[in-house]
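S.K.: Before we start, here is the structure in question, set down as structure tokens.
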Amino acid sequence: MTSLYLSVNSDFMFLVMIGPPGAGKGTQAKRLAETLGLSHVSTGEIFRQNISRKTELGLRVKELLEDGTLVPDDLTIELVQDKIDQLVNGSGAIFDGFPRNLEQAKALDDMLLLHDKGVDLAPLINLSDSNIIERLTGRRTDKDTGKIYHLIYDPPPDNANVEQRSDDKRDTVLRRIEDYHQSTVPMLAYYDDRDLLCEIDGDNTIDQVTTALLEVIRGRVFA
Ligand code: ADP
Ligand code: ADP
2 MTSLYLSVNS
12 DFMFLVMIGP
22 PGAGKGTQAK
32 RLAETLGLSH
42 VSTGEIFRQN
52 ISRKTELGLR
62 VKELLEDGTL
72 VPDDLTIELV
82 QDKIDQLVNG
92 SGAIFDGFPR
102 NLEQAKALDD
112 MLLLHDKGVD
122 LAPLINLSDS
132 NIIERLTGRR
142 TDKDTGKIYH
152 LIYDPPPDNA
162 NVEQRSDDKR
172 DTVLRRIEDY
182 HQSTVPMLAY
192 YDDRDLLCEI
202 DGDNTIDQVT
212 TALLEVIRGR
222 VFA
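Residue numbering for the sequence shown is 2 to 224, as defined by the working numbering.
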């Protein structure tokens, strides 16, 4: 398993998970982080934690998240900058939900370059718009552990303390899908041009998607 830690950055691997809301980025990022020994960073999760702790950042972004509106780039990039500074001495990281547009993708490269590092792979989990709605309306999150469940596809145990995200309502979901097409899809070419983008079909079972992701990561990053 030691070769798992060898990447093009020699001892540091940096992955960015891309995909529409509900594609399975969080579910898969948690699994991959555990299997590959990487830190998992979800900007959405960091925002939600700040909201529930009522921090200054939380108060600033609360309404935006509830409306399914993207947080301004300067605020999001500043948050990621702090994370990168903490992470560069570890074995690497898997980002989920960042970058979400071209400006963020360029800012991420600049931040990593300062540490002589770069993005190794950008797995894109694809899912059709009609499947996204079903995924998000059934999503439940464990309040204590952050584990992600789905009422039909990955049901929570009876004793789990689950809640529904306030932005997983139909209207909000439609706005987030629109944002994905407007802001994130134009960013894909940025990674594709450097042969870093690899597409995965998100419409398979959770286990099948994990297997497909591990195959491309092992094939591309550890080759
Ligand atoms: P999902 O995985 O369902 O798309 P996330 O947890 O990644 O949701 O994000 C939830 C919300 O957090 C977004 O709708 C947005 O308001 C905010 N957010 C998360 N990441 C970013 C980002 N990179 N840029 C701007 N806003 C973000
Ligand atoms: P994202 O982070 O991309 O918004 P999540 O990982 O939170 O997506 O997954 C969205 C919902 O879909 C969750 O309820 C999760 O349990 C479920 N889910 C994730 N991957 C799959 C899959 N391959 N098949 C069925 N349901 C899935």
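Just so you know, even glycine gets a beta-carbon here, dropped at the ideal spot from N, CA and C.
Hey, Thr-142 and Glu-164 are a contact pair by Cβ (cut 8 Å); roughly how many whole angstroms apart?
M.R.: Indeed they touch by this definition, with Cβ atoms about 6 Å apart.
S.K.: Check whether the Cβ atoms of Ala-24 and Ile-95 lie closer than 8 Å to each other.
M.R.: Taking 8 Å as the Cβ cut-off, Ala-24 and Ile-95 do not qualify as a contacting pair.
S.K.: Over what stretch of residues does the alpha helix (DSSP H) that includes Arg-166 continue unbroken?
M.R.: No alpha helix (DSSP H) holds Arg-166; DSSP gives it neither H nor E.
S.K.: Which same chain residues end up closer than 8 Å to Ile-201 when comparing Cβ atoms and leaving out the 5 residues on each side of it in sequence?
M.R.: Answer for Ile-201: Pro-124, Leu-125, Ile-126, Asn-127, Val-210, Ala-213, Leu-214 and Val-217, listed in chain order.
S.K.: In whole angstroms, what separates the C-alpha of Ile-207 from that of Tyr-154?
M.R.: Distance between the alpha carbons of Ile-207 and Tyr-154: 9 Å.
S.K.: Mind checking whether Leu-115 and Phe-15 have CB atoms under 8 Å apart?
M.R.: Going by C-beta atoms, Leu-115 is not nearer than 8 Å to Phe-15.
S.K.: I need the straight-line Cα distance from Tyr-150 to Asp-12, nearest angstrom please.
M.R.: Their Cα atoms are separated by approximately 33 Å.
S.K.: What is the chain-ordered set of residues for which the beta carbon lies under 5 Å from any non-hydrogen atom of ligand 2?
M.R.: Taking each Cβ in turn, the ones that pass are Pro-22, Gly-23, Ala-24, Gly-25, Lys-26, Gly-27, Thr-28, Arg-136, Arg-140, Ile-149, His-151, Tyr-154, Asp-155, Ile-207 and Val-210.
S.K.: Between the segment 87 to 105 and the segment 28 to 47, are three or more C-beta pairs nearer than 8 Å?
M.R.: Yes, the segment 87 to 105 touches the segment 28 to 47.
S.K.: Only counting runs of 4 or more residues, tell me where the alpha helix (DSSP H) segments fall wholly within the segment 25 to 93, in order along the chain.
M.R.: Listed in chain order, the complete alpha helix (DSSP H) runs (minimum 4 residues) inside the segment 25 to 93 are 26 to 37, 44 to 53, 57 to 68 and 74 to 88.
S.K.: Considering only their Cβ atoms, is the gap separating Val-81 from Phe-48 smaller than 8 Å?
M.R.: No. Outside cutoff.
S.K.: Excluding sequence positions up to five away, which residues of its chain have a Cβ less than 8 Å from the Cβ of Ser-129?
M.R.: Answer for Ser-129: Asp-204, listed in chain order.
S.K.: Examine ligand 1 and report whether any of its heavy atoms sits within less than 7 Å of the Cβ of Gln-105.
M.R.: Gln-105 Cβ: within cutoff of ligand 1.
S.K.: Hey, quick one: how far does the beta strand (DSSP E) through Ile-201 stretch, first residue to last?
M.R.: Looking at the DSSP string, the run of the beta strand (DSSP E) that includes Ile-201 is 198 to 202.
S.K.: I need the boundaries of the beta strand (DSSP E) containing Asp-143, first residue and last residue.
M.R.: From DSSP, the beta strand (DSSP E) with Asp-143 extends over 140 to 143.
S.K.: Here's the rule I'm using: 16 or more other beta-carbon atoms within 10 Å means buried, otherwise exposed. How should Asp-75 be labelled?
M.R.: So Asp-75 counts as exposed.
S.K.: Would you say Asp-168 touches ligand 1, meaning its beta carbon is less than 7 Å from a heavy atom?
M.R.: Checking every heavy atom of ligand 1 against the Cβ of Asp-168, one is found closer than 7 Å.
S.K.: Just reading off the beta strand (DSSP E) that Ile-153 is part of, what are its end residues?
M.R.: Element bounds for Ile-153: n/a, residue is neither H nor E.
S.K.: State the DSSP-derived secondary structure class of Asn-132, mapped to helix, strand or coil.
M.R.: Correct three-state label for Asn-132: helix.
S.K.: Which of helix, strand or coil does DSSP assign to Val-17?
M.R.: Val-17 falls in the strand class under three-state DSSP.
S.K.: Near Arg-136, what residues of its chain come up, given a Cβ to Cβ distance below 6 Å and the 5 sequence neighbours on each side ignored?
M.R.: Counting only Cβ-Cβ distances below 6 Å, and skipping sequence neighbours, we find Gly-23.
S.K.: Among the residues of its own chain, which have a CB less than 6 Å from the CB of Val-9, if the five just before and after it don't count?
M.R.: Residue confidence for Val-9 is low, a pLDDT of 44 falling below 50, so the modelled location carries little weight and cannot support an answer.
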